[in-house]
Each structure stands twice: as structure tokens, then as C-alpha cells.
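Undergrad: Order-wise, the sequence lines are chains A and B. Numbering follows this note's numbering, with no gaps: position 86 of the first sequence is 611. Numbering follows this note's numbering, with no gaps: position 77 of the second sequence is 602.
2 protein chains.
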Amino acid sequence: MTIDAGNIHADLRPDPAAERFEDLLSLPGVRIERIVSLGQASPPGFWYDQPQGEWVLLLDGAATLRFADEALPRRLQPGDYVWIAPHRRHRVEATAPDRATVWLAVHLDAPLAAVDASGR
Amino acid sequence: MTIDAGNIHADLRPDPAAERFEDLLSLPGVRIERIVSLGQASPPGFWYDQPQGEWVLLLDGAATLRFADEALPRRLQPGDYVWIAPHRRHRVEATAPDRATVWLAVHLDAPLAAVDASGR
């Protein structure tokens, strides 16, 4: 499944009830996704622990991202990108409550991403 | 080679003499790159014909992209993304002459991208 073309800021429809996930490109081993948040955060005490690597770029809005192996959270502004290596535990502490936060996420399956994970 | 984190709009240093290419993530089969253009275009008559698939997102500036199999060029504004399937011939007709044009390009090697190319 592949969207030939579009605009990443179009048709955001932020929803306070749930984040919106859309695949922009999906191929074996790689998936490019748009995520639209509106005040959502990871549940208290929940940590993502993903076998995939994830390269994430915040395009609009604001978010607070936390890694289990770091003392302080990272405050993300538009244009900030972060590489999340496989199995690096992390959570989203907060997203802006008053406007859409738009993420571009590139998910890389383990055989690809593991190479880099070992290099951390 | 992986940059842990950064801002896609930082340190652009647009150069009228040459486009700037920087790898943000490089793993077997996948490469995420920032390209900063300032008025550059593909040479007259030149067409890219790449074995890789390329998912491209224009973040700042403006560009005109042309596919060999389309009659009209596409004018790209910030937020516009386009999937360029492997071997789909294309060229950049123009980029904004007066300000930086910033591209995010996700390059996918043939074994990944070919699956989709067959589906076009």
C-alpha cells in the first residue's frame, strides 16, 4: 500500500479521543506513517519496547518524549527528529493539548534496524 | 552511521553553488537524507533513473518535480510528499531561487522497493 502523493499537513482531523495513524508507504521491512496527536500521552507507567527501529520527526505541535535510559525527558519542537533504536524503551509523556501534533514515523523492521542497534 | 537527534531546519547553510546532502540515518537497505537546495535544478535533459525507491517530503521552500511519464510538472509546497518508484524517471525542474528548499528523502534499496514498483 502506497500513497502516490499528498500533503503531510492536510486533513489532520486531530481527535482528543484517539491518535490518528495513517500509513503513507508500506513495504516489506519499512513503513512510513503519519501520526496525529491531540493531547494524547502513553498510559502512566507504560513503556514502548519495540523490535523495530523508529526514526521519528515532529512536524507540527509539541511533545515530550522520554527514554527509560535518560534522566530527563526531551521536549520536541517542530523539525526535531529522534532515532529510537530497537528495544530502546521510551514513552510519550505529553503532546500539546490545544493543537495538532503531527509526527512522521519511519519504522524499520529488525533485520535492518538491528545493525544500528548493536552500534549504540 | 546514525544521528541520534537533531532539527531538520537547523544549520541549513543553503549554497547557490551546490546542493547539500546529509545522511540522518543509514542502515542496510534504507537511508534517510536531508537535502538543502538553493535554486538548483537537474541539468537540461537529465533524468534520474534510480534502482532505489525514494519517498520524498518537501519541508521548506518550493520545487518543481517532473516525471517522464506525466505531461505536467508537479509544483511542490511545504508538506508535499511524493513516492518515486524505482526506475520511474524524474527530474527537478526548479527549486526556489531566493530561499532554502529542504527535502527529506527516504531511499529504499531495490529488494524492498521492487515489491511496490511492480504494483504501480
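No residue lacks a Cβ here, since even glycine has one placed at the ideal position from N, Cα and C. The structure presented is a predicted model; accordingly, all values stated were derived computationally and were not measured.
#1: At a CB distance below 8 Å, what residues from the segment 526-541 of chain B approach chain A? Give them in sequence order.
#2: Y573 of chain A CB to nearest chain B CB: under 8 Å?
#3: How would you label G570 of chain A, buried or exposed, when you count the other beta carbons within 10 angstroms and need 16 or more for buried?
#4: By DSSP, does R538 of chain A sit in helix, in strand, or in coil?
#5: Rounded to whole angstroms, what is the Cα-Cα separation between Q577 of chain A and D623 of chain A?
#6: Would you decide whether R613 of chain B is buried or exposed? Buried here means 16 or more other CB atoms lie within 10 Å of its CB.
#7: Pick from A:P598, A:S567, A:P541, A:V581: whose alpha carbon is nearest that of R559 of chain A?
#8: On the DSSP bridge list, what partners appear for E579 of chain A?
#9: Taking the alpha-carbon positions, what's the P539 of chain A to P603 of chain B distance?
#10: Say whether chain A places a C-beta atom closer than 8 Å to the C-beta of W628 of chain B.
#11: Exposed or buried, which one is P553 of chain A when buried takes at least 16 other CB atoms within 10 Å?
#12: Looking only at its own chain, which residues have a Cβ that is under 8 Å from the Cβ of V555 of chain A, when we skip the five neighbours before and after it?
#13: So L629 of chain B and I533 of chain B are supposed to be a Cβ contact under 8 Å. How far apart are they, rounded?
#14: Span of the beta strand (DSSP E) holding D548 of chain B?
#15: Identify each residue in the segment 548-559 of chain B for which the Cβ-Cβ distance to at least one residue of chain A is less than 8 Å, and report them in chain order.
#16: Taking a cut of 7 Å between CB atoms, which residues from the segment 574-606 of chain A lie near chain B?
#17: Where does S567 of chain A fall in DSSP's three states?
#18: How about V631 of chain B: is its C-beta nearer than 8 Å to some C-beta of chain A?
#19: With a CB to CB cut of under 6 Å and the five nearest residues on each side skipped, what residues in its chain are close to E547 of chain A?
#20: If you measure between the beta carbons of R616 of chain B and S567 of chain B, is that distance less than 8 Å?
#21: Can you tell me whether E595 of chain B is buried or exposed, with buried defined as 16 or more other CB within 10 angstroms of its CB?
TA: Here's the rundown:
#1: Within the segment 526-541 of chain B, the residues whose Cβ lies closer than 8 Å to some Cβ of chain A are T527, I528, D529, A530, G531, N532, I533, H534, A535, listed in chain order.
#2: No, Y573 of chain A does not count as interfacial toward chain B.
#3: Result: exposed.
#4: Three-state result, R538 of chain A: coil.
#5: Their Cα atoms are separated by approximately 31 Å.
#6: Burial of R613 of chain B is indicated by the presence of at least 16 other C-beta atoms within 10 angstroms of its C-beta.
#7: Relative to the Cα of R559 of chain A, the nearest Cα in the group A:P598, A:S567, A:P541, A:V581 belongs to A:V581.
#8: BP columns for E579 of chain A point to A:I609, A:H632.
#9: Between P539 of chain A and P603 of chain B, the C-alpha separation is close to 20 Å.
#10: At a cut-off of 8 Å between beta-carbon atoms, W628 of chain B makes no contact with chain A.
#11: Sixteen is the threshold: since fewer than 16 other Cβ atoms of the shown chains lie within 10 Å of the Cβ of P553 of chain A, the residue is exposed.
#12: Once the five neighbours on either side are set aside, the close Cβ partners of V555 of chain A are V631, H632, L633, D634, L637.
#13: Indeed they touch by this definition, with Cβ atoms about 7 Å apart.
#14: Note, D548 of chain B: beta strand (DSSP E), 545-552.
#15: Going along the segment 548-559 of chain B in chain order, one finds L549, L550, L552, P553, G554, V555, I557 with a Cβ nearer than 8 Å to chain A.
#16: Taking 7 Å as the cut-off between beta carbons, the residues of the segment 574-606 of chain A near chain B are W580, L582, G604, D605, Y606, in sequence order.
#17: In the structure shown, S567 of chain A sits in coil (DSSP, three-state: anything other than H, G, I, E or B).
#18: True, the Cβ-Cβ gap to chain A drops below 8 Å.
#19: Hits under 6 Å: R559.
#20: The answer is yes: Cβ separation under 8 Å.
#21: Exposed, because fewer than 16 other Cβ atoms sit within 10 Å of the Cβ of E595 of chain B.
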